[in-house]
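Chemist:
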Ligand SMILES: [Zn+2]
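Numbering (our numbering), first residue to last: 40 to 405.
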């Protein structure tokens, strides 16, 4: 917190400088010089610093193989999503050679919904971007929209969500794989009202960034950021979004979705949002000393993250449901963790218990 306070002072001073007469500037620099050594010394006593970077992104081209997605004439959704996914992936690789880009598919093949999330989880991805194209019976609906996982109160996004989720009926044994989930039965979706999305706030940040860029064109109609229970996002243990680039059923959108140049523009827009998100994500974190000793705390690097919040919650907050938490500040977010474990296996064992209280909890390294 100490660093934060001084950072704020410095920020305020910087803003103030714009309006300050030149002769005051020297005085401000002098004041900064006085401030810096003192906070460095104090900070070292209580906090250690680590560099956190967005290292792995999974790009998920919707549909594929026997599942064409939405169809209009000769045009199939699966081909548009793959084309945009690849342009996006190449752009990220070019600009950020250190970032690992993983595709859930790079050819025209069928990949089950749960496998898409599993690919991201196995590779400890920092971000999951699923790319889709929409369609409705009416040709009037148009525009771009970006979804994060969850149930909104109105359930107003169920139509597009059921359409995308219905893919799973093409999967062998889907009934047991998705615990009897029926994509066409509204009651199936009730389980999601109990779901805590540990990555909601981060997902919303990248979703907003995507919409901000997409609205610049080629499809300028902005349907905004929405929340709906997309199965492909359900099991992702990282910030994740699903982008609907436009409606094949709308003639204007259709033109943009099928054009080679306009597909590059879509990929560029998502790339710019990725860039903005990465800039915000890559940061030096301050690892605080535990507020209270965590249960079974060792000095291992594996912890169980139960939630993230832009608000600083004091220890003992009722949000922690009685668990003793440690807090780690990453960018503008506070991540809350329980326990420290030497191995991922030990952490996973404890995770099973923690999940009773926090179903969205997951193992993370710090
Ligand atoms: Zn789709």
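Heads up, the beta-carbon is just placed ideally off N, CA and C, and yes, glycines get one too.
Any contact between the stretch 123-135 and the stretch 352-372? By contact I mean 3 or more CB pairs, one from each, below 8 Å.
Modeler: No, the stretch 123-135 does not touch the stretch 352-372.
Chemist: Counting pairs of Cβ atoms below 8 Å between the stretch 92-100 and the stretch 135-144, do you hit three or more?
Modeler: A contact exists between the stretch 92-100 and the stretch 135-144.
Chemist: Pick helix, strand or coil for residue 229, following the three-state DSSP scheme.
Modeler: DSSP places residue 229 in helix when its eight states are reduced to three.
Chemist: Just jot down, in chain order, the residues whose CB lies closer than 5 Å to any heavy atom of ligand 1.
Modeler: Chain-ordered list of matching residues: 101, 108, 171 and 203.
Chemist: Flag this pair as touching only if the stretch 297-310 and the stretch 262-278 have three or more C-beta atom pairs under 8 Å; answer yes or no.
Modeler: Flag = no, the stretch 297-310 and the stretch 262-278 do not touch.
Chemist: Within its chain, find whatever has a CB closer than 6 Å to the CB of residue 317; leave out the 5 residues flanking it on each side and keep chain order.
Modeler: Closer than 6 Å at Cβ, skipping near neighbours: 93.
Chemist: Per DSSP, what kind of secondary structure is residue 245 in: helix, strand or coil?
Modeler: It is helical.
Chemist: Measure how close the beta-carbons of residue 117 and residue 101 come, nearest whole angstrom, since I'm counting them as under 8 Å.
Modeler: Their Cβ separation, rounded to whole angstroms, is 7 Å, which keeps residue 117 and residue 101 in contact under 8 Å.
Chemist: Threshold first: 4 residues or longer. Then list the alpha helix (DSSP H) segments lying entirely within the stretch 270-328, N to C.
Modeler: As far as the stretch 270-328 is concerned, its whole alpha helix (DSSP H) runs of at least 4 residues are 270-273, 290-297 and 299-320.
Chemist: Return the Cβ separation of residue 300 and residue 256 in integer angstroms, given the expectation that the two are a contact with Cβ distance under 8 Å.
Modeler: Actually they are not in contact, since the Cβ atoms of residue 300 and residue 256 sit about 11 Å apart, beyond 8 Å.
Chemist: Go through its chain and collect everything with a Cβ distance to residue 40's Cβ below 7 Å, but skip five positions before and after it.
Modeler: For residue 40, the predicted structure reports a pLDDT of 35, less than 50, and the residue's modelled location is therefore unreliable. The matter cannot be settled from this model.
Chemist: Comparing alpha-carbon positions, which option in 168, 146 and 182 lies nearest residue 245?
Modeler: That would be 168, whose Cα lies nearest to the Cα of residue 245.
Chemist: Given that a residue counts as buried once 16 or more other Cβ atoms are within 10 Å of its Cβ, and exposed if not, what is residue 369?
Modeler: So residue 369 counts as buried.
Chemist: Can you check whether the CB of residue 266 is closer than 8 Å to the CB of residue 347?
Modeler: No, Cβ-Cβ distance for residue 347 and residue 266 is not below 8 Å.
Chemist: With a threshold of 16 other CB atoms inside 10 Å of the CB of residue 288, please say whether the residue is buried or exposed.
Modeler: Classification of residue 288: buried, given that the 10 Å Cβ count is 16 or more.
Chemist: Tell me the rounded alpha-carbon separation between residue 293 and residue 399.
Modeler: Cα-Cα distance, rounded: 37 Å.
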